[in-house]
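What follows is one structure encoded as structure tokens, with my remarks underneath.
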Amino acid sequence: FFFEAAHSNAHGDQRCARLHGHSYRVDIIVGGEVAAPAGWLMDYGDIKSAFLPYYRMLDHAHLNAIEGLEADTRLPAMRCWILNKLGDSLPGLVDVQVSIVGDCAFSPVLIPVESALALPERWRFTFEAAQSLPQLSSEHPCHAMHGHSYRAEAGAKDMKRLRVELAVVYEELDHRCLNDLAGLEGATCEQLCGWLWQRLDTSNVTPLVVVVQETESARCIYRGL
């Protein structure tokens, strides 16, 4: 499972203590004997049904506001929280693993040309940030404070200079609440692409493309047109 959430970590350094967010991955592990006549250990639908109430609590949420996670939202605490919630409701439960999708560091990777999407060579990096979309109705899940491990890509004429500037941009965005940054008060993928393009352009880096991905299935490509 994947979920998107915001938190602040009082047990970490000053950076981690700021409100920010992540894309989380949860692996629920069951074990036992394969049952006849179905030929499986367990219906994956049963695992999904057991976890669904807790997934709804975690996804697009501020973790520190969830009962049982107020004092500690680190990965081991989240693992224990999910294990305790599932308890005896999931037969054969062996373990739960919780991880963060992003790098949690500035570790740019050079991505080659993708001819199918007409994408030039570009740097890819991740940053961890919280956000809400106040422009949406209160019923929309993105209206609430949540977060993502954003995966950003940028290509430019001068790739060496671009990498240097992206390190500066990373410090501006990482472990932040995007709503606090001018121009990102309602930071959709589209607005983030435009913000990043303008940020690079005003730094005398001539961008060719900017890509922002906030979840496993939500990605925006911006060419400055």
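All letters in the sequence shown, in the order written, are residues 410 to 634 by our numbering. Where is the CB? At the ideal position from N, CA and C, for every residue including glycine.
- Annotation for A627: C598 place their beta carbon closer than 7 Å to its own, counting only its chain and skipping 5 residues before and after.
- In this structure, the alpha-carbon of L545 lies about 31 Å from that of Q423.
- Secondary structure in the stretch 529-568: the beta strand (DSSP E) runs of 3 residues or longer, each lying completely within the stretch, are 531-540, 555-565 in chain order.
- The Cβ neighbour count for Y453, taken over all protein chains shown within 10 Å, is under 16; the residue is labelled exposed.
- Remark: fewer than three beta-carbon pairs, one from each stretch, lie closer than 8 Å, so the stretch 537-556 and the stretch 572-581 are not flagged as touching.
- For E599, the enclosing alpha helix (DSSP H) stretches over residues 598-610.
- Check the Cα spacing between E479 and each of V621, E625, H416: the tightest is with H416.
- Taking the Cα of E580 as reference, the smallest distance to any Cα among F536, V620, Q600 is reached at F536.
- For the set N588, L484, I437, Y631, the Cα lying nearest the Cα of A538 is the one of N588.
- The way I'd put it, the stretch 434-453 does touch the stretch 498-507; three or more beta-carbon pairs between them come closer than 8 Å.
- The Cβ-Cβ distance between A470 and L495 does not fall below 8 Å.
- Annotation for V443: L450 place their beta carbon closer than 6 Å to its own, counting only its chain and skipping 5 residues before and after.
- Within its own chain, the residues whose Cβ lies closer than 8 Å to the Cβ of C602, once the five positions on either side in sequence are excluded, are V619, V620, V621, C629, I630, Y631, listed in chain order.
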